[in-house]
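For reference, the structure is listed below as structure tokens.
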DNA sequence: CCTCCCTGATACAACGTTATACCAAAACGG
DNA sequence: CCGTTTTGGTATAACGTTGTATCAGGGAGG
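Chains as they are written, first to last, in the numbering used here: chain B, 2 to 337; chain U, 2 to 337.
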């Protein structure tokens, strides 16, 4: 029956002014212990929950954070979200997650909606095809933004991976095992982080005096990885190892091998990227470049908190290593 | 340099009052074509994006929707989110996703934060251990809420699955193949939907005059399913088929079999629930009870939209069928 | 030429908070 | 016992919108 209680409801119940209630609730100003108790009792009595929107409007403080992902379906992201949320919620922020599904238009709509609803900051994994107008919009609103993986502007804080170095380690490992023909599988767009991974791959090949790079583009999904591996076996039977743009592609590639009656780590070595939970669980277990997504989330959150604390500071870039986790999908090439 | 433009910025640029700008932007009132053009030009010129929070405060309208999941990591949810978002964004709403990770405390914090930040409606998959205080909070705020899967209150709209019937079909299928000892795998809490699934399983067993139910509780994850299957093979070698509380458990169980050198669909038949994308992709492909998560999301969104349109109407409950998709993990039991 | 009535735009108060200036009463020092 | 400070609280104006009452001006009708 009762309307939603507001500050004035509490004030009336406690017999004080709204200003007093507000001060008690925020712990500012000089309020005696006696009236504080009265006010808190009234708050409980009417079951009052402050309207943060109105508070934000007046105070200018904003504790709502947007987290825009380019592909929520990737299991990598669930843990990333956990890391971001845990850290930010501890500081009283509310994190809302949106999925652009790698669609630039949807991403633009999402970002506009987030700005319109006045998020105080953004953590953003840009989709491919992000346009300049959207970027201008964000900078014009001077919204604190931290991008992840794909750098789209020098004006934002950024957290990236040491992609080239990681791919170098993967190729080193394969070369040491004796592989001479190593392909790169996955991704479709000529942008970071994929381009940097391909760079690292190509440079490592050259360092080992192995043949020219062979890049096979495909979506970062299991079905695409499966199809790509089937195609690779047909067209390039000399290739004995592949490094992949992501674990989904790698796991799909393994499935493709299984479908041919072959097996990763026997006919062909496979290395993934991300180390999603399924990588260790798959049979054979996937050798992969591991980045701890929960910790990555924490890092992003910390970066954003620092930015919120000092909006004027120069943009900061951090890079995170991906470490090679050797499991069962890499082995010396078959003798024949 | 420039501050974030507001209504008055636009008004000044167009040489009209703020009220006029507001009316133009919302298409209400009587404004001549000439001034409308001037205003719209000014909007573009200063790159104005309205503050929806302030608008909501004044107008009472609210287009922010919260989506609280109990386990975002389950790939089932990515598609569900897509369905919900597509439908609601089409109607101008903004959907923000939170993950309670099946932790009642975190869920309570999340819900309180959403109420505090004045979401206009909620779609909610309740976690196990949801307490009455949280429920009271939601009803006291008379927030439009649609629950999914786990019903926690008669006062909310609800969308559920026909769990018992679905499990019945699964058991029928196995019985017809000749299985006499069928176990149930997965879940830990004595609440819907698991309890209803177990009910359906037990009733179907009875109808086929098969032995007493054998329920093996475990978390709804691959590692847990793997461990449970290993345990089952040791303790109950007579069991030749399992139905699972979810695809993650079922896929984990298949991995467990593989680890023993056995195979789902040969030594043991396995049936899952959900039909996540990986179910069809796994080898062997998983027989499972399929519910189209994207469509389910649309249904939820429609339900919430109807509720927002008529907050006073009596709560509505909808049930969705899960259909049996027969793939490669079910077969007649081995002869021996 | 003076009403009367539209048309088009504006002034102003409200939404639920917070920040600040302000005030009354009590406490204190000399 | 009076001035000064401190304590504890309130009144009031914002924040950026929207809804409504109001108003100025122009055209039509008498």
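For every residue, glycine included, the Cβ atom is placed at its ideal position computed from N, Cα and C.
Around the Cβ of residue i, are there at least 16 other Cβ atoms within 10 angstroms (buried) or fewer (exposed)?
i              : result
residue 317(U) : exposed
residue 120(U) : buried
residue 222(U) : buried
residue 283(U) : buried
residue 335(U) : exposed
residue 93(U)  : exposed
residue 148(B) : buried
residue 337(B) : exposed
residue 236(B) : exposed
residue 31(B)  : exposed
residue 310(U) : exposed
residue 102(B) : buried
residue 42(B)  : exposed
residue 6(B)   : buried
Within its chain, find whatever has a CB closer than 8 Å to the CB of residue i; leave out the 5 residues flanking it on each side and keep chain order.
i              : result
residue 261(U) : 231 and 234
residue 17(B)  : 36, 39 and 40
residue 245(U) : 185, 186, 187, 226, 251, 254, 271, 272, 273 and 274
Using the Cα positions of residue i and residue j, report the straight-line distance between them to the nearest angstrom.
i              : j              : result
residue 328(U) : residue 104(U) : 34 Å
residue 211(B) : residue 248(B) : 24 Å
residue 9(B)   : residue 45(B)  : 14 Å
residue 266(B) : residue 100(U) : 37 Å
residue 201(U) : residue 268(B) : 46 Å
residue 52(U)  : residue 117(B) : 5 Å
residue 257(B) : residue 226(B) : 8 Å
residue 314(B) : residue 305(B) : 12 Å
residue 326(U) : residue 238(B) : 36 Å
residue 289(B) : residue 152(B) : 23 Å
residue 191(B) : residue 205(B) : 19 Å
residue 60(B)  : residue 54(B)  : 10 Å
residue 126(U) : residue 132(U) : 14 Å
residue 142(B) : residue 171(U) : 55 Å
residue 356(U) : residue 169(U) : Given a span of 2 to 337 for chain U in the structure shown, any question on residue 356(U) remains unanswerable.
residue 29(U)  : residue 139(B) : 29 Å
residue 293(B) : residue 272(B) : 17 Å
residue 25(B)  : residue 33(B)  : 9 Å
residue 82(U)  : residue 112(B) : 17 Å
residue 280(U) : residue 259(B) : 16 Å
residue 58(U)  : residue 64(U)  : 11 Å
residue 228(U) : residue 240(U) : 16 Å
residue 175(U) : residue 181(U) : 8 Å
residue 312(B) : residue 50(U)  : 21 Å
residue 19(U)  : residue 12(U)  : 5 Å
residue 324(B) : residue 291(B) : 5 Å
residue 162(U) : residue 277(U) : 16 Å
Under 9 Å between beta-carbons, which chain B residues line up against residue i? List them in chain order, please.
i              : result
residue 95(U)  : 97, 99, 111, 114, 115, 117 and 118
residue 83(U)  : 73, 74, 100 and 102
residue 284(U) : 256, 259 and 260
residue 339(U) : Residue coverage of chain U in this structure runs from 2 to 337, which leaves residue 339(U) outside it and unanswerable.
For residue i, which residues from the same chain have a beta carbon less than 6 Å from its beta carbon, with the 5 sequence-adjacent residues on both sides left out?
i              : result
residue 333(U) : 178 and 179
residue 275(U) : 77, 247 and 248
residue 308(U) : 145 and 158
residue 109(U) : 135
residue 208(U) : none
residue 80(U)  : 294 and 295
Taking residue i as the query, report the chain U residues whose CB atoms sit under 9 Å from its CB, ordered along the chain.
i             : result
residue 52(B) : 58, 117, 118 and 119
Name the chain B residues whose beta carbon is nearer than 8 Å to that of residue i?
i              : result
residue 142(U) : 5 and 50
residue 224(U) : 282
Chain B partners of residue i, CB-CB under 7 Å?
i             : result
residue 79(U) : 73 and 74
residue 55(U) : 58
What residues in its chain sit with their C-beta under 7 Å from that of residue i, if we drop five residues either side in the sequence?
i              : result
residue 164(U) : 194, 197, 198 and 201
residue 67(U)  : 97, 99, 115, 120 and 123
residue 339(B) : Past the boundaries of the shown model lies residue 339(B); chain B is included only from 2 to 337, so the question cannot be answered.
For residue i, which residues in chain U fall below 7 Å Cβ to Cβ?
i             : result
residue 65(B) : 118
residue 34(B) : Correct list: empty, because the minimum Cβ distance to chain U is about 26 Å.
- Touch test, the segment 145 to 161 of chain U against the segment 314 to 329 of chain U, Cβ-Cβ under 8 Å, three pairs minimum: yes
- Query: Are the segment 75 to 89 of chain B and the segment 286 to 300 of chain B in contact at 8 Å, needing three or more beta carbon pairs?
  - Reply: yes
- Message: I'd like to know if the segment 207 to 223 of chain B and the segment 174 to 188 of chain B are in contact, where contact means that at least 3 CB-CB pairs between them fall below 8 Å.
- Response: yes
- Query: Between the segment 28 to 46 of chain U and the segment 64 to 82 of chain U, are three or more C-beta pairs nearer than 8 Å?
  - Reply: no
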